[in-house]
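J.:
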Amino acid sequence: MSTQSEHVPPAAVAKAAEKGLKLREKFGRGGTEIGVSRARDLKNRAHLSDEVVKRMASYFARHNVDKRAKNFGDDDNPSAGYVAWLLWGGDAGKDWVEKEKAKLGSSENGTKSKTSSKKKTTH
23 MSTQSEHVPP AAVAKAAEKG LKLREKFGRG GTEIGVSRAR DLKNRAHLSD EVVKRMASYF
83 ARHNVDKRAK NFGDDDNPSA GYVAWLLWGG DAGKDWVEKE KAKLGSSENG TKSKTSSKKK
143 TTH
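Every letter in the sequence shown is one number past the one before it in our numbering, and letter 96, counting from 1, is 118.
#1: Cutting at 7 Å between CB atoms, please list the residues of its own chain near VAL75, excluding the five before and the five after it.
#2: Mind pulling the beta strand (DSSP E) runs of 3 or more residues that sit fully within the region 31-109?
#3: Go ahead and label ASP72 buried or exposed: buried means 16 or more other beta carbons lie within 10 angstroms of its beta carbon, across all protein chains shown.
#4: Residues in the same chain with beta-carbon distance under 8 Å from HIS69, minus the five sequence neighbours each way, listed in chain order, please.
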C-alpha cells in the first residue's frame, strides 16, 4: 500500500491544460509527448502522485524564463513555450503545484527523527 498523497488538480489547472492541448493541435507546436500526457491528466483532473507534483514544480522552475518569449500569452500566434506552459497547467498550475509541494515539505519534515534536529550545546 502506498503512503503517498494524491493530488487532484483544480478546475483552473484543468482548463489551462485543455487550452494548451487545443492550441498545440491548432498550431502544431509546443510541448513534448510528456507534456501532452501531463495535460491529459490535468484536463481529466486525475489523481497525481507526490512524484508528479515534484516533477511539475521542477518543470515550472526551469521554464519560468519561457514567459519572456515573444508571443507568450498570444492565443492567436502562441509561442511554443506558451503552449508548453499551458500543457503543464499554466499559471494556475504553477501556483497550485507550489502549494502542494509545500504541503509535501511540511509532511516530510514532520516524519523526520526528532533526534536529528536536536541542537548540541556547549558550555
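Where is the CB? At the ideal position from N, CA and C, for every residue including glycine.
T.: Per the coordinate set shown:
#1: If you ignore the 5 residues before and after VAL75, its C-beta comes within less than 7 Å of the C-beta of HIS29, VAL119, GLU122, LYS123, LEU126, all in its own chain and listed in chain order.
#2: none
#3: buried
#4: GLU28, HIS29, VAL30
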